[in-house]
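**Q** I'd like to ask some things about the structure below.
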Amino acid sequence: MWFDVDPRSDVPIYQQLVDGVKEAVARGILAPGDKLPSVRDLAGRIAINPNTIAKAYQEMEREGIIETLRGRGTFVAEVRTRGIDREEKMGRMREMLEKVLVEAYYLQMEEDEVLAMAEEIIRQWYRERRRSDEPVGDRDARADQDL
Numbered sequence: 001m002w003f004d005v006d007p008r009s010d011v012p013i014y015q016q017l018v019d020g021v022k023e024a025v026a027r028g029i030l031a032p033g034d035k036l037p038s039v040r041d042l043a044g045r046i047a048i049n050p051n052t053i054a055k056a057y058q059e060m061e062r063e064g065i066i067e068t069l070r071g072r073g074t075f076v077a078e079v080r081t082r083g084i085d086r087e088e089k090m091g092r093m094r095e096m097l098e099k100v101l102v103e104a105y106y107l108q109m110e111e112d113e114v115l116a117m118a119e120e121i122i123r124q125w126y127r128e129r130r131r132s133d134e135p136v137g138d139r140d141a142r143a144d145q146d147l
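Sequential numbering from 1 applies to the sequence shown in UniProt numbering.
Rendered as structure tokens:
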């Protein structure tokens with residue numbers, strides 16, 4: 001499975017699904033054009049209410065992460081940043097990073113620890129991302145297998 005759902009988490013299940021799909025796309029596990037399971041099929045596979053899956057799909061469609069083509073299904077959309085200027089991108093990232101730093105504060109982490117961890121995660125992320133950009137064969141078959 002290309003995402004995890006934890007019913008005990010404080011994060012709503014639909015948001016966990018949205019976050020999981022976004023991460024799978026960012027990591028190259030899912031690629032633009034990959035077909036996602038139908039709402040009913042995914043709900044059955046992971047034992048989640050279909051309304052919750054539908055809410056997640058609606059949110060992802062609103063965010064431009066997926067697109068539904070009538071009669072064909074739901075697919076991962078091309079990554080689109082057009083219309084978002086650099087200032088807005090930087091503002092969004094700053095906001096997210098500040099939340100991480102608040103958590104680091106409450107975990108009593110020192111600046112050098114946070115910086116070292118961030119550097120390690122960033123380097124690992126981009127190494128994995130470069131590997132995932134290599135040709136990997138039939139993504140649809142792999143995605144179906146992982147479900």
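Cβ atoms here follow ideal geometry from the backbone N, Cα and C, with glycine treated the same way.
Quick caveat: nothing in here was measured; it's all calculated off a predicted structure.
LEU69 lies in the beta strand (DSSP E); which residues open and close that run?
**A** 66-69
**Q** Quick check on this structure: which residue in ILE66, GLU78, ARG86 has the alpha carbon closest to the alpha carbon of SER38?
**A** For SER38, the nearest C-alpha among the options comes from ILE66.
**Q** First and last residue of the alpha helix (DSSP H) that includes VAL25?
**A** 13-26
**Q** Does DSSP put LEU36 in a helix, a strand or coil?
**A** strand
**Q** With a threshold of 7 Å (Cβ to nearest heavy atom), would GLY71 be considered close to the ligand ADP?
**A** You won't find the ligand ADP in this model; it holds no ligand whatsoever.
**Q** Please state the DSSP three-state secondary structure of VAL5.
**A** coil
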